[in-house]
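These notes are about the structure you will find just below.
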């Protein structure tokens with residue numbers, strides 16, 4: 198019998214995804230196993246990945262774990278935000294196949310179904326390992342706060358800057374997460390030149406046009422020495438010493454900039470963050486001590502951060518009958534942040 | 110003994126001018142006394158139907174820098190501002206830069222920000238003319254077209270009228286030697 202909670206991948210097809218799920222589990226000190234319905238072992242060997250995935254049957258999963266929590270956006274799924282899992286020691290968190298989700302027989306065994314609210318339920322929004330990291334983060338904390346509800350949550354959404362990604366897959370997955378959580382623009386300091394230019398853009402736009410894709414996100418290329426004038430910048434990373442992620446106010450609106458750094462390629466202590474804003478705040482994604490030895494993935498930590506920002510930004514308050522408000526005429530000084538970049542579509546980021 | 114201007118104002122009432130203290134690092138560029146002077150200067154016609162003028166703290170979540178607001182019917186709000194110079198993320202939209210320069214601001218566009226310097230009393234005068242009298246323009250159009258609690262013109266037309274009001278007020282202000290006294 199297992200003495201630690203376990204992340205279980207049900208029907209995972211891609212061995213690289215499976216390996217990243219393993220790394221996600223390691224981050225939080227969880228075990229990791231798979232129910233191999235799609236020849237995962239064969240793909241693992243084909244890709245010459247070291248070791249072997251731990252594979253369990255449905256019966257073994259049910260025997261060794263209690264409760265089983267299914268993590269997908271099916272009918273009856275409750276929000277992850279605010280979900281209290283209870284004791285973790287034998288809990289199994291199940292994530293499903295990249296395209297088809299969790300199999301019906303395992304869903305029926307699950308005590309609870311949880312989901313992260315997304316922009317679209319019809320689109321496969323988050324990379325499976327990134328979504329697992331979000332669930333692991335909140336469950337490892339024993340739950341967390343509920344998602345805010347606001348009259349106009351868009352007003353609380355900060356701007357986003359992605360800095361120093363060393364790999365286009367990690368960056369692409371992060372961009373996918375940002376779009377899934379509702380951002381329609383992100384600034385990208387492409388220091389490793391892993392994203393802008395090349396054939397990827399033309400192919401992406403072609404596919405998006407063919408699929409009549411919606412859910413776009415504008416990617417604005419930002420130079421690494423560019424000066425901005427935000428009121429506040431929150432630099433989010435694994436570097437200890439900052440304000441814990443769930444305690445930082447990350448929903449101060451468009452005058453706030455949230456920076457997600459690739460901890461493998463950026464030393465936040467050597468950067469001049471004052472070039473971005475009047476005030477600088479360091480924010481730490483606090484991991485449990487037991488998860489201190491793990492393989493780092495930018496997409497996992499950045500998606501956890503994006504999920505927390507999305508929780509604080511909130512969702513629109515359900516419409517209730519209300520008194521009509523009188524019209525207002527605002528005198529605002531509007532500015533345009535640079536918009537020179539490219540548009541990508543959530544539907545076209547599914548490969549990341 | 111009261112001045113002739115004060116006696117004239119006494120025969121009609123200025124709306125109440127209510128001030129909320131600004132946040133640390135902010136100030137109200139135009140004081141309540143200065144606002145009362147401007148309204149008295151332009152006369153009863155611009156004040157008729159106004160219910161209140163309020164000096165308030167700004168909402169940091171606003172999509173743009175908040176200057177002022179008209180809440181129908183007849184409530185005008187002027188927002189606190191940072192002292193000059195202002196540093197705003199991005200570049201000013203449309204003809205906003207030109208309007209600020211006409212009001213006396215000095216603009217310095219950077220790569221991804223704009224610095225706006227307000228020398229002397231230009232910021233105060235901007236708030237009194239291009240903001241307060243602009244909102245008065247909205248109020249006059251709304252109020253004299255039937256006082257309904259709904260928009261009585263397209264937003265674009267409303268803005269054109271309010272802009273014209275502010276422009277005319279600045280002309281009068283300059284013709285009067287740059288003073289409201």
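Residue numbers (the working numbering), protein chains in the order written: chain F, 198 to 549; chain X, 110 to 290.
We treat Cβ as the ideally placed atom computed from N, Cα and C, and that holds for glycine.
*Proximal chain F residues relative to residue 181 of chain X, where beta-carbon distance stays under 9 angstroms*: 523, 524, 525 and 526
_Distance, residue 429 of chain F Cα to residue 225 of chain X Cα_ = 19 angstroms
_C-alpha distance - residue 485 of chain F paired with residue 337 of chain F, whole-angstrom precision_ = 8 angstroms
*asked:* Please return the same chain residues whose Cβ sits closer than 8 angstroms to the Cβ of residue 422 of chain F, not counting the five positions on each side in sequence.
replied: 472
*Of all the CB atoms in chain F, is at least one closer than 7 angstroms to the CB of residue 111 of chain X?*
Summary for residue 111 of chain X: the model assigns pLDDT 47, below 50, so the residue's position carries little reliability, and this model does not support an answer.
*Check the C-beta distance from residue 290 of chain F over to residue 358 of chain F and give it rounded, since I have them as a contact under 8 angstroms.*
Not really, about 31 angstroms apart at Cβ, beyond 8 angstroms.
_C-alpha distance - residue 207 of chain F paired with residue 266 of chain F, whole-angstrom precision_ = 12 angstroms
_residue 370 of chain F - containing alpha helix (DSSP H), residue span_ = 365 to 377
_Neighbour list for residue 247 of chain X in chain F, Cβ cutoff strictly below 8 angstroms_ = 526
*Under the assumption that residue 243 of chain X contacts residue 274 of chain X (Cβ atoms under 8 angstroms), give the Cβ distance between them as a whole number of angstroms.*
6 angstroms
*asked:* Below 9 angstroms on C-beta distance, what does residue 198 of chain X contact in chain F?
replied: 356, 425, 426, 427, 428, 451, 452, 454, 474, 532 and 534
_Min CB distance residue 409 of chain F to chain X below 7 angstroms_ = Per-residue confidence for residue 409 of chain F stands at a pLDDT of 49, beneath the threshold of 50, marking its modelled position as unreliable; no derived number is given.
_Beta carbon proximity, residue 471 of chain F to chain X, threshold 7 angstroms_ = no
_Chain-ordered residues of the region 336 to 355 of chain F with a beta carbon less than 8 angstroms from chain X_ = 352 and 353
*Note down, in chain order, all residues in the region 410 to 421 of chain F with a beta-carbon under 9 angstroms from any beta-carbon belonging to chain X.*
419 and 420
*Could you say which of F/361, F/360 and F/346 lies nearest to residue 354 of chain F if we only look at CA atoms?*
F/346
*DSSP beta-bridge partners of residue 418 of chain F*: F/385
_Using beta carbons (cut-off 7 angstroms, strictly below), is residue 124 of chain X in contact with chain F?_
no
*Taking the CB atoms as reference points, tell me whether residue 175 of chain X and residue 132 of chain X lie closer together than 7 angstroms.*
no
*Just mark residue 493 of chain F as buried or exposed, buried being the case when its beta carbon has 16 or more other beta carbons within 10 Å.*
exposed
*Less than 8 angstroms between the CB atoms is what I'm expecting for residue 163 of chain X and residue 190 of chain X, so what's the real figure, rounded?*
At roughly 15 angstroms, the Cβ-Cβ gap does not stay under 8 angstroms, so residue 163 of chain X and residue 190 of chain X are not in contact.
*Looking at chain X, which residues of the region 205 to 238 of chain F have a Cβ within less than 9 angstroms of any of its Cβ atoms?*
none
*Taking the C-alpha atoms as reference points, what is the distance between residue 374 of chain F and residue 323 of chain F?*
6 angstroms
*Neighbourhood of residue 463 of chain F by C-beta, 7 angstroms cutoff - its chain only, sequence neighbours within 5 removed*: 360 and 361
_Checking 7 angstroms against the spacing of the C-beta atoms, do residue 212 of chain F and residue 258 of chain F come in under that value?_
no
*Is the Cβ of residue 131 of chain X closer than 7 angstroms to any Cβ of chain F?*
no
_Euclidean distance between Cα positions of residue 372 of chain F and residue 383 of chain F_ = 8 angstroms
*Bridge partners of residue 440 of chain F, per DSSP?*
F/480
_Nearest candidate by alpha-carbon position, reference residue 498 of chain F, set F/433, F/532, F/446 and F/479_ = F/433
_Environment of residue 356 of chain F [buried if 16+ CB atoms lie within 10 Å]_ = buried
*Quick one, which of X/178, X/276 and X/128 has its alpha-carbon nearest residue 142 of chain X's?*
X/128
*Is residue 305 of chain F helix, strand or coil by DSSP?*
helix
*Counted within 10 angstroms of its Cβ, other Cβ atoms place residue 285 of chain X as buried (16 or more) or exposed*: exposed
*When DSSP labels each residue in this structure, what does residue 294 of chain F get in the three-state scheme?*
strand
*asked:* Can you look up residue 408 of chain F in the DSSP assignment and give me helix, strand or coil?
replied: With a pLDDT of 49 at residue 408 of chain F, under the threshold of 50, the predicted position of this residue should be treated as unreliable, and no value is reported.
*What number of angstroms, rounded off, separates the C-alpha of residue 236 of chain F from the C-alpha of residue 219 of chain F?*
17 angstroms
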